[in-house]
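Asks: In full-length UniProt numbering, the protein residues as written are 1 to 150.
1) When DSSP labels each residue in this structure, what does residue 140 get in the three-state scheme?
2) I need the DSSP call for residue 25, collapsed to helix, strand or coil.
3) Indicate the three-state DSSP secondary structure (helix, strand or coil) for residue 132 in the structure shown.
4) Return the chain-ordered list of same chain residues with a C-beta closer than 7 Å to the C-beta of residue 46, the five sequence neighbours on each side being excluded.
5) DSSP three-state label for residue 127, please.
6) If you draw a straight line from the alpha carbon of residue 52 to that of residue 58, how long is it in whole angstroms?
7) Alpha carbon to alpha carbon, how far is residue 65 from residue 81? Give it in angstroms, no decimals.
This is how it looks when you write it as structure tokens:
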């Protein structure tokens, strides 16, 4: 693929114009090229710094999501505190108060303590957690073979 040669009058005009441009505007063009190179370098630095900032913002987003989940859990626990305190209050009202120690002055301290312990009946347990099957359940959970039998 070859190009047609230019007529001689066009060749001379273009070469003479480029000579004038290279000699007269060369320092201006070089200054502009250097300016653009510096601008390009600054833009590359800006791009790199922006990428770093974007990475840090993503990490911050993950940490804030974790913090948000933790805050919701704390809010749930604090929301249930009044129920817990009410249950403790109800349970403590039902516990009989031990009788005064001034009734049996003739008895020894040990006998009186045994007597008050036997007379002291505790209320029904509010929550029962069976512990006799805990080792078996833990073993089944660790082996992954949950067949439903304790």
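Positions of the beta carbon are idealized from the N, C-alpha and C atoms, including for glycine. Please read these numbers as outputs of a predicted model, since none were measured by experiment.
Replies: Judging by the given coordinates:
1) As a working mapping, residue 140 is identified with position 140 in the chain shown. Reduced to three states, the DSSP call for residue 140 is helix.
2) As a working note, residue 25 is residue 25 in the chain shown. Coil, per DSSP.
3) Working through the chain shown from its first residue, we reach residue 132 at position 132. It is coil, neither helix nor strand.
4) As a first step, residue 46 must be located in the chain shown, where it is residue number 46. Closer than 7 Å at the Cβ level, and outside the excluded window around residue 46, lies no residue.
5) In the chain shown, counting from the first residue as 1, residue 127 sits at position 127. It is coil, neither helix nor strand.
6) To locate residue 52, count along the chain shown from 1; it is residue 52. To locate residue 58, count along the chain shown from 1; it is residue 58. Between residue 52 and residue 58, the C-alpha separation is close to 10 Å.
7) Counting from 1 along the chain shown, the entry for residue 81 is found at position 81. Counting from 1 along the chain shown, the entry for residue 65 is found at position 65. Their backbone Cα atoms lie some 25 Å apart in a straight line.
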